[in-house]
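S.K.: Reading the sequence shown from the start, the letters are residues 1 to 229 in full-length UniProt numbering. Input: one structure, supplied below.
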Amino acid sequence: MQHLILLHGALGSKDYFKPLAAKLEHSFQVHTFNFSGHGGRPFSDTAFSIPFFSEQIAEYMQETGIEQANIFGYSMGGYAAMYLAKHHPEKINKLITLATKFYWDEKTAAKEVKMLDGKTIQEKVPAFAAQLQQRHAPNDWLLLLEKTAQLLTGLGKQNTLNVEDYASITIPCMVLLGDRDKMVTLDETIAVYKQLPNAQLGVLPGTPHLFEQVNVELLKGMIEGFMKF
Numbered sequence: 001m002q003h004l005i006l007l008h009g010a011l012g013s014k015d016y017f018k019p020l021a022a023k024l025e026h027s028f029q030v031h032t033f034n035f036s037g038h039g040g041r042p043f044s045d046t047a048f049s050i051p052f053f054s055e056q057i058a059e060y061m062q063e064t065g066i067e068q069a070n071i072f073g074y075s076m077g078g079y080a081a082m083y084l085a086k087h088h089p090e091k092i093n094k095l096i097t098l099a100t101k102f103y104w105d106e107k108t109a110a111k112e113v114k115m116l117d118g119k120t121i122q123e124k125v126p127a128f129a130a131q132l133q134q135r136h137a138p139n140d141w142l143l144l145l146e147k148t149a150q151l152l153t154g155l156g157k158q159n160t161l162n163v164e165d166y167a168s169i170t171i172p173c174m175v176l177l178g179d180r181d182k183m184v185t186l187d188e189t190i191a192v193y194k195q196l197p198n199a200q201l202g203v204l205p206g207t208p209h210l211f212e213q214v215n216v217e218l219l220k221g222m223i224e225g226f227m228k229f
């Protein structure tokens, strides 16, 4: 069976892929792993960046003896996979992204960083604070917020991939977006889709940004359909 690597987003972990992985394991050799600082994986001395997370995908593949894999990347995971596809296309057979924010400027980054204030999260959404603490233990989830904020601020100052960069990514790609996603716009998703030479575009109905609210059965069908195409 072909290898399929599932990549989580910022503040996420490999654990929220368990339902999806269970549905896909009959069709693929499914792999998941945590990026640095996420899901209890120790923080690296290297600052968070898209190139850094892309390197961690390549490192995982090397450690597990995978020469080429299909990749599904959610949100930040999709962006890191796109960066890998641009610089090391030989490592990826097919790539699917979901809810990946491709457009960044200082105003956009500042808006997202504002939502990463640990004190505000503890005061206004304590249940989410407890979830983050549990998900990333024994790591300090407040430090994870800080490092993620630095990543987004950096993207705001200089986006890692510009729209024209996607024209050189020639592997088969499918770019997915939920129709109720309030973080990622349809316009930025279509702009990237139009630049990709070998791409499909899909919209998931009734789907917000949070992966936990995605219809796993629907997503499973879209992934399997694209991989067989």
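Positions of the beta carbon are idealized from the N, C-alpha and C atoms, including for glycine.
Taking Leu-84 as the reference, give the member of Gln-56, Thr-64, Trp-104 with the closest Cα.
M.R.: Gln-56
S.K.: Taking Gly-225 as the reference, give the member of Cys-173, Trp-104, Glu-164 with the closest Cα.
M.R.: Cys-173
S.K.: Alpha carbons only, please: which of His-38, Phe-53, His-3, Leu-144 is nearest the one belonging to His-26?
M.R.: His-3
S.K.: Using three-state DSSP, classify Thr-148 as helix, strand or coil.
M.R.: Looking at Thr-148 - three-state DSSP - the assignment turns out to be helix.
S.K.: Which residues does DSSP list as the beta-bridge partners of Gln-29?
M.R.: His-3
S.K.: So if DSSP puts Met-174 in a beta bridge, which residue, or which two residues, is it bridged to?
M.R.: Ile-96, Gln-200
S.K.: Give the straight-line distance between the Cα atoms of Thr-120 and Arg-135, rounded to the nearest whole angstrom.
M.R.: Rounded to whole angstroms, Thr-120 to Arg-135 spans 19 angstroms at the Cα level.
S.K.: What do you get for Asn-139, buried or exposed, if any count of 16 or more other CB atoms within 10 angstroms of its CB means buried?
M.R.: buried
S.K.: I'd like to know whether the C-beta atoms of Tyr-60 and Phe-33 end up nearer to each other than 9 angstroms.
M.R.: yes
S.K.: Taking contact to mean at least 3 C-beta pairs separated by less than 8 angstroms, is the region 78-92 in contact with the region 125-135?
M.R.: no
S.K.: Would you mind stating whether Phe-102 and Leu-161 have Cβ atoms separated by less than 9 angstroms?
M.R.: yes
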